[in-house]
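In what follows, a structure is listed as structure tokens, so that the remarks can point back to it.
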Amino acid sequence: MDTILEIEALKKYYGKSKNQTKALDGISFRVMKGEFLGIMGSSGSGKSTLLNCIATVTRPDGGEILLRNRQVQELKGRELAQYRGKKIGYLFQNFELLDHMTGRENILIPLSLHNVDETESRSRLKQLAGYLEITDVLDKFPSQMSGGQKQRVAAARALILNPEMILADEPTGALDSKNARTLMEKMEGLNQDAGATILMVTHDTNAASYCRRILFIQDGLIFHELRRDIPRETRQEFYQRILKVMAQLGGGSEHVL
Ligand SMILES: Nc1ncnc2c1ncn2[C@@H]1O[C@H](COP(=O)(O)OP(=O)(O)OP(=O)(O)O)[C@@H](O)[C@H]1O
1 MDTILEIEAL
11 KKYYGKSKNQ
21 TKALDGISFR
31 VMKGEFLGIM
41 GSSGSGKSTL
51 LNCIATVTRP
61 DGGEILLRNR
71 QVQELKGREL
81 AQYRGKKIGY
91 LFQNFELLDH
101 MTGRENILIP
111 LSLHNVDETE
121 SRSRLKQLAG
131 YLEITDVLDK
141 FPSQMSGGQK
151 QRVAAARALI
161 LNPEMILADE
171 PTGALDSKNA
181 RTLMEKMEGL
191 NQDAGATILM
201 VTHDTNAASY
211 CRRILFIQDG
221 LIFHELRRDI
231 PRETRQEFYQ
241 RILKVMAQLG
251 GGSEHVL
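Numbered according to UniProt numbering, the sequence shown spans residues 1 to 257.
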């Protein structure tokens, strides 16, 4: 399997000496092409810091982030813009849609920022909208959409340029359980049928049970790893194993949906 992303001994420390917080303390792992990898851990374990480092929002204090063997920290100018806008697609907890733009315009924003073939992207939009069941909200504004529709529009925006990897930060955090389930089924389909590579940070055990592999982090390091035994293990069985690890970490007690 191809490695898409390699995290090697990544460190991020906040503060100095006695008051220092080791948000990331030399964490290492790989994301392979076509993986659906979850990152879980209790509050303050370093999940957001990790995602922010990968997104180049936060500068690490040590270690390496390599996207297809390229040092992400060394990217500058056009290459950095390409990495942020084209190589990685982001899905945020609060959707981050522009209120004055329709669903279609929101999804097509990345096109105007990068020099891409418009005909191809428009046909991709049609395909994504159909799959994500948002065709009938493409001409609506975010204020006229449900939370679930907003997040699926955001997912289409993240996918429109066919990125190497999707970074999802608590994507079900603002959704009710039904919409969360729909979103996760769509993400699972994008992973299994379209080969999308997804790295998702979540607190939500149900959402995590759609992943193929989960890394549990504690104090900025990997504490445990679970792999779903497909096809022998059902999602419900995987969910139960995730709950057990979360109980050791001191969190997670929802009911499987
Ligand atoms: N800008 C900052 N300045 C100082 N400390 C920080 C900063 N950002 C994060 N931290 C600390 O680093 C540690 C890891 O934080 P991080 O936000 O990565 O955790 P998290 O796992 O995402 O938590 P949550 O699940 O609550 O979002 C925490 O102890 C946090 O207080």
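Glycine residues also receive a C-beta, built at the ideal position from the N, C-alpha and C atoms. Note that the structure is a prediction, hence the values are computed from the model and not measured.
For residue j and residue i, believed in contact at Cβ under 8 Å, the rounded distance
| i | j | result |
| --- | --- | --- |
| L132 | A156 | 6 Å |
| A208 | M40 | 6 Å |
| T202 | E237 | The pair is not a contact, with the Cβ atoms about 19 Å apart (cut-off 8 Å). |
Host alpha helix (DSSP H) of residue i (start-end)
| i | result |
| --- | --- |
| V153 | G147 to L159 |
| E118 | E118 to L132 |
| F238 | R235 to L249 |
Cut-off 6 Å between Cβ atoms - residues of its own chain near residue i, not counting five sequence neighbours on either side
| i | result |
| --- | --- |
| N191 | F36 and I198 |
| L113 | G85 |
| Y210 | M184 and E188 |
Cβ-based neighbour list, residue i, same chain, cut-off 7 Å, excluding 5 preceding and 5 following
| i | result |
| --- | --- |
| L257 | Because the pLDDT at L257 is just 43, under 50, the model does not fix this residue reliably, and the point stays unresolved. |
| S143 | D99 |
| H224 | F216 and V245 |
| A81 | none |
| T49 | K12, A23, L24 and T58 |
| T3 | R30 and M32 |
Residue i and residue j closer than 8 Å at C-beta
| i | j | result |
| --- | --- | --- |
| R124 | I65 | no |
| D139 | R84 | no |
| V153 | I107 | yes |
| L5 | M165 | yes |
| A9 | G46 | no |
| G148 | L175 | yes |
| A196 | L91 | no |
| K150 | L97 | yes |
Delimiting residues of the beta strand (DSSP E) encompassing residue i
| i | result |
| --- | --- |
| M40 | F36 to M40 |
| L226 | L221 to R227 |
| D204 | Neither: D204 is in no beta strand (DSSP E) and is coded neither H nor E. |
| F29 | T21 to M32 |
| L97 | It is not in any beta strand (DSSP E) - L97 carries neither H nor E in the DSSP assignment. |
Sequence-distant residues of the same chain with beta carbon closer than 8 Å to residue i, five excluded per side
| i | result |
| --- | --- |
| R212 | E35, F36, L37, N191, R227, R228 and I230 |
| Y14 | Q20, T21 and A23 |
| N162 | R124 |
| K18 | none |
Distance cut-off 7 Å: residue i Cβ against heavy atoms of ligand 3
| i | result |
| --- | --- |
| Y90 | The ligand content of the structure shown is limited to ligand 1, which means ligand 3 is not among them. |
Inspect the CB distances between the stretch 211–221 and the stretch 6–25 and report whether three or more fall short of 8 Å. yes
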